[in-house]
Structures are given as structure tokens and as C-alpha cells.
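Let me begin by presenting the structure, written as C-alpha cells, before commenting on it.
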Ligand code: MLT
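Residue numbers (this note's numbering): 84 to 470.
Rendered as C-alpha cells:
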């Protein structure tokens, strides 16, 4: 039988990092290893019970068994507007400045298809979440990378972005994945000024905005003057409320950008199950302090272990990731492979986030403290940092 060929477009992007990591974990498990999964940022903490209760009730409502409306239910969009005003002091029009997404990844992935024409430049952080570059390439864009450097706290250099030429779209992500770096409002102000001066659109991926530590509170890019003219921001319920499997997020900001994204999406999907939207609305009335306390303990545990092992790492103020240096004589991939094969611990190789991630690894603190500690015990047995 002749194999069915896929489109040439698909060959332009590498295999998806987290899919590859899943396969490696499955293989290790099939060989009898008890794998401790610190590779993907998928919270182990439960979705708060009031969200589940609200879902239970919402599932029985007949109106939820029909199409929910393309841009998200009016109730959820109004709830998001109220939450945004409370949390960031930014007023949003629920009709035009809020769009419900099937998880933030879906919105990020479709945005280039809504905004760019073949050959348009898209500026993407390196290291960065692979979806920015991959979907820009699939949409025919020309990806130009800007570096995030440890010595600059993984913030972009404005001059470097300007030197990359005229871009249609700029992806930012603070608090940052994979490094955990955060951006003060004045840093975001600089990016908005740059976009306003060059006619680019900014998409700030704010999936980790509510996961910050050491007294830092992450601003929204929409707090910056002029941002509503050139920026959107993408938020997620996944990481804040432990709802990765529910697939719901939202985009806020410039109405023309959201109209374009919405115009694309009506051709592709019919929004999120109404019951999930009702449950998401009740999530917005929760506080997530308990989550933050759990991650604080895990951060302390991980920082102590890494210091004891002699591993140099970036001490992040945001996200639940730790970005560490691989030991001498290892590449990012050989280190991740060695950890999985010899210790049954899965971490993400830094190079999977771009060439500037080479020499680094990312650890997600999304397993219980006892498992994280066991993972470190196993890693310490390998004596990797002592040579
Ligand atoms: C990550 O681990 O970077 C993310 O959780 C993966 C994703 O959201 O797709």
C-alpha cells in the first residue's frame, strides 16, 4: 500500500516537544521504570471543588447541550470583564474586547493564521514556548528570533527587536515559560511603544500571570498606555485553577485583532462546551492562594536540592518552572535522556525551547513535594555535577 503523504507544510516544523517527551516517558514506563514526570507543566493539584460542583450542575442544563455561541457565552465574557477590572484595573468591553478560547494554546496557534500573510515577519522569543514559532511557520510567516539572556533576567532587548526589521506580530510571554522570568510594567511599556512605532501587533501570553512569588504581582500588558491599540493578551484557566484538561482560556485586548481571530475561529470551531464556560465563570470568583502556597514549598525544596547538587539555576519569580544549567559535558538533550534512563526522572531539554535554551533544562514543579524529593534523591545518586 502506498503510504499517504502529509502536506509539505508539516515538514517545516519539528516534532512537537511535549509529544516527543510523552513518547519518551511512555517508553521508559513500558520498560518498567517508575517515571517521575517533571517535564510538562500540568498541575497535579486538584481543580477546586466549587468549580467541579458548578460543572456538575451546568452539565444538566439543557441550554448547555446546544451551541454555546461563537465568541463565548455572554455571562462568561461579562465575568471576565469584571475579573479583569478587579485584578488589573483595566476596563474591557465584553462584546468586542474579550474572546473565549479552547485553551490558550488554541488562541496562540490560530493567531498567526488570522493576522499574517505569507512572508510576514513574526518576532519570537528564544528560548520560548514552541507554539509561537511553529504555528507562525505553518501560517507562512518568517520567524525571527530575539534572545532572552540570563544576564538580562530573560527580558527582551528593545534594540535587538528593532534591528530585526518590520514585523507584523511579536510574541511575548511574561511570566515566562521556560525561564520563570517576570516583567515589570515598565518593561512591557517599552514593548508597547515599539509596537506602536512600527505597526506590529503584540500578543502577550499571560498563562502564568497569577503564579508569581516573592511578593511580585504580574501586570497585564493592557495596563500600558496605548496597549489597547496594538496588543492582545492571552489568559488561561489551566495553570491558575488546575484545569489543563478542561481546555479553556481567553484573549483580551485590541478589538480588531480579536475580530480577526474570531473571524478565523468561526470557520474552525464552535467554542467551548457551555458547561465548561459556566464552571470557568465560577473559577473567577476563587482565590488561588492555596496553589501558590503549595508551589512555594516545592520551589524551596527544589532550590535547596539544586544548590546542594551544585547546579546553577535561575531563581524565578513567576511560573512553576525552574530553569537550570546542565552539568559540564552534557547537552540539553543528552542530560534529559540520561535523567530519564538512569534516574527515571523526566525533565524538558532547554534546546526544545530554541537554540538559546541549549545548555539548560526545565523542571516543572507540578508533582507532589514527596515525588520531587524522590526525583532529586535519584538524580543526586548520579553525581552529575561533581566532575
Ligand atoms: C508546558 O509544559 O510548557 C506547557 O504546559 C505545555 C502546554 O501548555 O502546551
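In this text, a Cβ means the ideal position worked out from N, Cα and C, and glycines have one as well.
Since residue 332 contacts residue 219 with CB under 8 angstroms, what's their CB separation in whole angstroms?
Residue 332 to residue 219, Cβ: 19 angstroms. No contact.
Please confirm whether any heavy atom of the ligand MLT lies closer than 7 angstroms to the CB of residue 108.
In this structure, the ligand MLT has no non-hydrogen atom nearer than 7 angstroms to the beta-carbon of residue 108.
Excluding sequence positions up to five away, which residues of its chain have a Cβ less than 8 angstroms from the Cβ of residue 349?
If we look at residue 349 and ignore the five residues flanking it on each side, its Cβ neighbours are 153.
Pick out the complete beta strand (DSSP E) segments inside the region 206–263, 3 residues or longer, and give them in chain order.
225–230 and 252–255
Cut-off 7 angstroms between Cβ atoms - residues of its own chain near residue 173, not counting five sequence neighbours on either side
167, 303, 305 and 306
DSSP bridge partner residues for residue 446 (one or two, in chain order):
405
Residue 128 versus residue 200: straight-line alpha-carbon distance, rounded:
Straight through space, the alpha carbons of residue 200 and residue 128 are spaced by roughly 41 angstroms.
Cβ-based neighbour list, residue 470, same chain, cut-off 8 angstroms, excluding 5 preceding and 5 following:
Because residue 470 carries a pLDDT of 47, less than 50, the predicted location of this residue cannot be relied on, and the following value inherits that uncertainty. Result list for residue 470: 410, 411 and 412, in chain order.
Could you give the DSSP three-state label for residue 432: helix, strand or coil?
strand
For the ligand MLT, any of its heavy atoms closer than 7 angstroms to the Cβ of residue 220?
Outside the cutoff, so no.
Are the region 283–300 and the region 420–433 touching, with three or more C-beta to C-beta distances below 8 angstroms?
no
How is residue 295 classed by DSSP in three states: helix, strand or coil?
strand
Taking 7 angstroms as the cut-off, does the CB of residue 123 come closer than this to any heavy atom belonging to the ligand MLT?
Yes; taking the cut-off as 7 angstroms, the Cβ of residue 123 has a heavy atom of the ligand MLT nearer than that.
Nearest to residue 159 (by Cα), restricted to the options 311, 97, 441 and 364
The residue with the shortest Cα to Cα distance from residue 159 is 364.
Any 3 or more C-beta pairs closer than 8 angstroms across the region 125–143 and the region 368–386:
Yes, they touch.
Does the beta carbon of residue 338 fall short of 7 angstroms from some heavy atom of the ligand MLT?
no
Let me check you understand the geometry: is the CB of residue 385 closer than 7 angstroms to at least one non-hydrogen atom of the ligand MLT?
no
If you check the beta carbons only, do residue 360 and residue 190 fall under 8 angstroms apart?
no
Residue 393 (DSSP reduced to helix, strand or coil)
coil
Does DSSP put residue 319 in a helix, in a strand, or in coil?
strand
From which residue to which residue does the beta strand (DSSP E) around residue 336 run?
332–336
Per DSSP, what kind of secondary structure is residue 182 in: helix, strand or coil?
strand
Buried or exposed, going by whether 16 or more other CB atoms sit within 10 Å of the CB of residue 318?
buried
Would you give the residue range spanned by the alpha helix (DSSP H) that residue 284 belongs to?
Taken as a continuous stretch (DSSP letters only), residue 284 belongs to no alpha helix (DSSP H), being part of the beta strand (DSSP E) at 284–288.
Can you round the beta-carbon distance between residue 141 and residue 362 to whole angstroms, since I take them to be within the 8 angstroms contact cut?
6 angstroms
Since residue 290 and residue 249 should fall inside the 8 angstroms C-beta cutoff, what is the C-beta to C-beta distance between them, to a whole number of angstroms?
In fact, because the Cβ distance is near 28 angstroms, the residues do not count as touching under 8 angstroms.
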